[in-house]
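Take 174 as the starting number for the sequence shown in the working numbering and just add one per residue.
Take a look at the structure below.
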Amino acid sequence: MQNLPEIDNLIKLISKLPGLGPKSAKRIILKMINNRQELLKPLANNLGDVFKNIERCKICGTLKSSSNPCNNCEDKKKKYSKICVVENISDQWAIESSSIFQGYYHILGGTISDSVKGNNRENLLINSLIERVKNDNIDEVILATSATVEGQTTAFYIQDNLKITNVKVSKLAQGLPVGGEIESSDDGTLISAFKNRRDL
Ligand SMILES: [Zn+2]
């Protein structure tokens, strides 16, 4: 290929996305360039909009529009008594679609061992979780982190941090396969993992 730094940079960036390597990045970029009006232009605009208008809620960690209140936090009116702690928003979507859980969510945005993010306690919104437990009359925090070493280490860390609140902390049952991620678990597995959760 000719020396086109714009393309080279794009290949490097897109290769960092989950499930993509340099080969598929090149294919994606060529497809976009060959469809300038239908793909490249709207994608560039949409990405700019997302960068400008979408942010992480500083209270529950979900994604929200910067001009509107957070949907998760607005659910306060429902007066739930449980918070389910997940690593990523895609885990929340998986649990919601199984309909097993009625309550609030807390999205960590990763695990304690995500070294790329630096200051973990702040990024995982631990202080906010403690505040939510204290202020929202929460009687149970369900740790629904992945059955991976990172997920379990994170669960232990949160359990430890929640001790000062005296709230009941439970963890999903090991119905989840070892190494299993919440977002890729089927409804049946999730439902049994919630039903058989154990107190910590
Ligand atoms: Zn929120």
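Note that beta-carbon positions come from the ideal geometry of N, C-alpha and C, so glycine has one too.
No experiment lies behind these values; they were computed from the predicted model shown.
Where C246 is concerned, the enclosing alpha helix (DSSP H) starts and stops at 244 to 247.
Contact between S254 and D312 is confirmed by a C-beta separation of about 5 angstroms, below the 8 angstroms threshold. Unbroken beta strand (DSSP E) stretches of 3 residues or longer found wholly inside the segment 183 to 268: 227 to 229, 236 to 238, 255 to 259, given in chain order.
Note on geometry: alpha-carbon atoms of D264 and K344 lie some 15 angstroms from one another.
In the structure shown, D333 falls within a helical segment according to DSSP collapsed to helix, strand and coil. In the three-state scheme derived from DSSP, where H, G and I count as helix and E and B as strand, E354 is classed as coil. Relative to ligand 1, C257 has its C-beta separated by 6 angstroms or more from all heavy atoms. Boundaries of the alpha helix (DSSP H) harbouring S301: 299 to 308, taken from the DSSP string. Three or more Cβ pairs closer than 8 angstroms define a contact, and the segment 274 to 287 meets that threshold against the segment 229 to 245. Rounded to the nearest angstrom, the gap between the Cα atoms of R209 and G221 is 16 angstroms. Assigned with DSSP and collapsed to three states, L345 falls in coil, not helix or strand. Take the alpha-carbon of N293 and the one of C257: they are about 19 angstroms apart. Scanning its chain for C-beta atoms nearer than 7 angstroms, with the 5 sequence neighbours on each side dropped, one finds around T338 the residues I303, V306, K307, in chain order. In this structure, N261 has its beta carbon at no less than 6 angstroms from each heavy atom of ligand 1.
Pairing S271 with L363 gives a Cβ-Cβ distance under 7 angstroms.
In the DSSP annotation of this structure, the continuous segment of the beta strand (DSSP E) that includes L316 starts and ends at 313 to 316. Ligand 1 has no heavy atom closer than 6 angstroms to the beta-carbon of I227.
Each of S358, G276, K368, V322 was checked against the Cα of N310, and the nearest Cα belongs to G276. One thing to note: M205 has its Cβ no nearer than 7 angstroms to the Cβ of L193. A distance below 6 angstroms between beta-carbons, with the five flanking residues on each side excluded, links C246 to the following residues of its chain, in chain order: I232, C233.
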